[in-house]
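For reference, the structure is listed below as structure tokens.
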Amino acid sequence: MSKAIEQLSSLIIGYVESVSPSEIKVILEPNAPQSTALNTGVPSGFPRINGYLLIPSEAGAVVGLIVWLGVERSQFPKRMGLKDFGLVDLPFPLRKVTLMPFGTLVHCRLPRNGRNEYMLKRGVSAFPSVGDSVQLPTAPQLQSIIEASDMNDRRVKIGTSPLAANATVTVDPDKIFGRHLAVLGNTGSGKSCSVAGLIRWSLEGARKQHEEYIQKERESARALGNHENERLAVSRYGGPPNARFIILDPNGEYSGAFADWHDVRRFQVSPKTDGIHPLKLPAWMWNSQEWSAFGHAAPGVQRPILLQGLRDMRAGSVIIEPIEMRLRRLMKGYDRLLESRIALGPQGYTSRAASETGRLMSNIADDCQNRIAELSEGSLRDRLETLGLKAHSIANTHHWDRDRRQISRGYNDFNETDITSVHALIHTVLDELHDPGMETHVSEDAPSPFDINSLPDHLEQIASDSPTGQAAQFIATLSMRIRMMLADRRLGPVVNPNEQSITFEQWLESYIGKDKAENGELAILDLSLVPSDVLHIVIAVVARIIFEATQRYRKLTDRELPTVLVLEEAHTFVRRGTDEESETPSPSQMCRHTFERIAREGRKFGLGLVLSSQRPSELSPTVLAQCNTFLLHRIVNDQDQELVGKLIPDNLGGLLKELPSLPSRHAILLGWAATMPTLVEITELPIAHRPWSSDPQFWDVWTGKTERPINWREIVNDWTGIEQEANASDENEESL
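Read left to right, the sequence shown gives residues 252 to 987 (this note's numbering).
See below:
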């Protein structure tokens with residue numbers, strides 16, 4: 252018993268000086284360790300920022316995180332003097348530390364092994380008092396602080412804690428991916444390696460557990476002598492884990508990070524390496540909002556025509572429409588124009604408005620006359636002829652040529668009877684045209700395939716048939732942008748894969764994964780060669796389709812489909828909004844809106860989000876607020892530090908003061924997936940498994956240690972798409 256008491260007393264290194272809910276100040280004993288503590292049985296650094304101390308209490312032991320170290324002048328001597336020698340002690344400086352209380356370590360018997368162990372509980376139920384002793388935690392206690400007590404939280408190892416006797420740091424994929432993860436840090440701090448490691452270690456852990464399930468089921472069936480159940484067990488659990496990771500890689504860093512992994516689906520624009528598939532994102536998969544953002548379609552004229560064109564194309568419409576459909580659209584336009592004039596009263600057809608009304612009547616008469624020749628004999632032709640004659644008569648009666656006194660106006664004033672009579676005849680034509688089969692019931696957002704090459708011509712056709720004469724001018728810029736996109740050598744095959752068409756089902760199987768992940772658990776979309784002006788739209792479309800696919804899976808099965816969407820360089824695509832945004836959403840706005848919706852609603856459908864960014868201050872606050880776990884690498888910028896400090900829960904803001912000085916591969920893990928905020932040394936990945944994000948080797952190239960041969964002709968040919976003949980090249984070289 253005395254030995255245990257002696258051991259406990261040897262761990263005491265100071266006492267409590269002051270207590271508050273957010274911090275506890277401790278005065279260290281003069282004989283407390285200066286740099287290395289040996290009294291815990293294992294050499295450990297003490298004192299250290301972000302280290303741990305224990306303050307025993309009746310509820311267990313309050314765990315405090317060291318956030319400040321210093322020396323302060325003492326007001327009184329520590330001891331009463333050495334009476335044997337008659338000496339008197341004088342006041343001298345004392346070492347002090349400030350602790351941040353965040354949990355209570357309790358001694359318990361865990362059910363998994365029946366042994367007496369420790370368990371950390373968040374929160375402090377009983378704060379210590381002034382004068383209470385403060386002691387160093389032992390190695391088992393440190394491990395209990397860092398390592399999760401719940402076995403589910405020990406599923407995936409991501410590193411060790413250097414300030415807790417190298418205790419293993421583990422996470423639960425359900426927590427770290429289920430409620431979104433943000434990996435933040437400056438360039439070169441190890442963000443990409445951390446993301447690649449999290450994916451790799453999670454899949455490795457899942458595969459190991461998956462194989463154990465198979466083996467357990469087979470052994471159970473074999474013990475019962477039931478070979479049929481053994482076969483069923485293999486068929487049920489056979490194949491890879493049913494996991495889905497989709498990496499949106501705008502810099503092409505991850506293509507080689509999983510080269511050793513089987514069944515990794517890699518996609519790239521114009522791939523030149525075996526095993527990489529061409530990136531395909533057919534434009535017919537885009538919804539109306541994405542089309543509007545890409546074409547900068549104004550809400551007045553362009554957007555209605557674009558929506559009508561998309562509905563027509565998705566419904567299987569062609570450029571040459573039936574006369575009935577074109578006539579119905581024409582009559583609907585005139586109907587709206589006349590309704591607006593009648594609603595204005597005399598101001599709509601007298602005085603200065605008389606000239607516009609007269610031209611409108613003349614246009615109605617001319618259009619009716621032109622369409623009559625295309626119609627066969629029948630009631631529709633008769634009604635259209637009656638309308639044309641009536642409009643022509645009214646326009647001719649009020650024309651200024653009939654009255655020289657009104658020559659300056661062009662037309663005399665009209666009356667309401669003239670307008671309403673023509674308006675009524677238009678309704679008789681529309682009644683004759685009313686056929687449910689003529690209406691397009693296909694939504695403009697439905698992912699129905701259509702010939703994208705026909706869309707510009709179809710939009711121009713709709714604009715030319717519009718009653719407003721300027722519609723064709725407004726739609727010209729939109730159709731031009733679509734034609735430029737299709738003509739782009741790199742982007743054309745992506746949005747309009749003519750040679751090898753792909754169905755919507757095939758796209759979902761290729762990019763999200765087949766049933767039971769038969770074609771692999773990981774898809775990498777290398778977007779480095781996608782033109783910058785459409786990169787935001789491409790990322791927004793992919794993310795939106797993945798999100799809606801998980802939504803519809805939940806709708807049909809009433810279960811979630813666990814899927815993880817990883818976005819590199821998130822600050823470029825999920826930028827903070829501004830007050831100057833227009834009504835017409837830009838591609839960057841569309842991209843941000845898509846990820847904000849995923850951040851808010853994705854968890855309900857099993858879609859987890861992983862954001863990697865070096866500028867958290869530029870990220871959308873909505874997205875960051877929905878991230879419940881953070882892996883913080885070195886952050887130097889003061890604005891980024893300030894923003895991250897506001898995201899930290901409880902009173903843990905002081906923990907982040909070490910961010911500017913964190914070395915590579917070191918990070919602070921905190922949030923929902925961490926039992927407590929922990930400084931982690933991330934497990935080092937082999938060079939072959941790291942993303943291609945290392946620093947350029949300037950010195951080695953300058954000194955000739957590393958070769959960098961250049962063939963500009965090959966680069967130009969790839970850039971322009973023009974293959975020069977070898978003979979012509981040789982002749983040019985000889986002439987030079």
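Virtual Cβ for every residue (Gly too), placed ideally from N, Cα, C.
It should be emphasised that the depicted structure is a prediction, and the values quoted were computed from it without experimental measurement.
Coil, strand or helix - residue i by DSSP
| i | result |
| --- | --- |
| Cys-444 | helix |
| Trp-953 | helix |
| Met-351 | strand |
| Leu-288 | The residue asked about is misnamed: residue 288 is Ala in this sequence, not Leu. Three-state DSSP puts Ala-288 in a strand. |
| Lys-426 | helix |
| Tyr-585 | helix |
| Val-420 | strand |
| Gly-859 | strand |
| Thr-411 | strand |
| Ser-694 | coil |
| Gly-629 | coil |
| Ile-556 | helix |
| His-461 | helix |
| Arg-634 | helix |
| Phe-297 | coil |
| Ala-940 | Looking at the sequence shown, residue 940 is not Ala but His. In this structure, His-940 counts as helix in the three-state DSSP scheme. |
| Gly-609 | helix |
| Ser-308 | strand |
| Arg-324 | coil |
| Arg-826 | strand |
| His-678 | helix |
| Arg-734 | helix |
| Arg-656 | The predicted model places Arg-656 with a pLDDT of 46, which falls under 50 and marks its position as unreliable, so this point remains unresolved. |
| Leu-870 | strand |
| Arg-562 | helix |
| Arg-469 | helix |
Rounded Cβ spacing between residue i and residue j (contact assumed at less than 8 Å)
| i | j | result |
| --- | --- | --- |
| Ala-646 | Gly-609 | 6 Å |
| Leu-371 | Leu-356 | 6 Å |
| Val-673 | Arg-634 | Not quite, the Cβ-Cβ distance comes to about 13 Å (not below 8 Å), so this is no contact. |
| Ala-508 | Ala-457 | Incorrect: roughly 18 Å between the Cβ atoms, too far for contact. |
| Leu-907 | Gly-896 | 6 Å |
| His-940 | Arg-451 | 7 Å |
| Arg-346 | Val-385 | About 12 Å separates the two Cβ atoms, so there is no contact after all. |
| Leu-557 | Ser-543 | 6 Å |
Bridge partner(s) assigned by DSSP for residue i
| i | result |
| --- | --- |
| Cys-619 | Note: Cys-619 sits in no beta bridge, so no partner. |
| Leu-920 | Leu-882 and Thr-929 |
| Leu-435 | Ser-864 and Leu-883 |
| Gly-743 | None; Gly-743 has no bridge partner. |
| Tyr-303 | Leu-316 |
| Phe-496 | Leu-773 and Val-815 |
| Glu-280 | For Glu-280, which the question treats as bridged, DSSP gives no partner whatsoever. |
| Gly-265 | Leu-279 and Val-385 |
| Leu-356 | Ala-312 and Leu-371 |
| Pro-270 | What sits at residue 270 in the sequence shown is Val, not Pro. Ile-275. |
| Arg-346 | Val-322 |
| His-650 | Tyr-662 |
Burial state of residue i (16 or more Cβ within 10 Å)
| i | result |
| --- | --- |
| Asp-766 | exposed |
| Ser-581 | Checking the sequence shown, residue 581 turns out to be Leu, not Ser. Answer is buried; the Cβ neighbour count reaches 16. |
| Trp-953 | exposed |
| Ile-571 | Confidence at Ile-571 is low in this model, with a pLDDT of 48, below 50, so its placement is unreliable and the value that follows should be read with caution. Classification of Ile-571: exposed, given that the 10 Å Cβ count is below 16. |
| Asn-388 | Inspection of the sequence shows that residue 388 is occupied by Pro rather than by Asn. Buried, by the Cβ-count rule. |
| Ser-868 | buried |
| Lys-467 | exposed |
| Asn-301 | buried |
| Glu-984 | For Glu-984, the predicted model reports a pLDDT of 49, less than 50, meaning its position is unreliable; a value from the coordinates is still stated below. So Glu-984 counts as exposed. |
| Ser-730 | buried |
| Met-536 | buried |
| Thr-668 | exposed |
| Met-735 | exposed |
| Phe-949 | exposed |
| Asn-538 | buried |
| His-844 | buried |
| Thr-605 | Note on residue identity: the sequence assigns Ala, not Thr, to residue 605. Classification for Ala-605: buried. |
| Ser-471 | exposed |
The ligand ADP heavy atom lying under 7 Å from the CB of residue i
| i | result |
| --- | --- |
| Gly-857 | Questions concerning the ligand ADP fall outside what the structure shown contains, since it holds no ligand whatsoever. |
Quiz item: Taking the runs of the alpha helix (DSSP H) that are 4 residues or longer, which of them lie wholly in the stretch 369-401?
Solution: 390-397
Quiz prompt | Completely contained alpha helix (DSSP H) runs for the stretch 506-546, where each covers 4 or more residues | solution = 539-546
Practice problem: Ignoring anything shorter than 4 residues or poking outside the stretch 748-809, list the alpha helix (DSSP H) runs there in chain order. | Solution: 755-762 and 783-808
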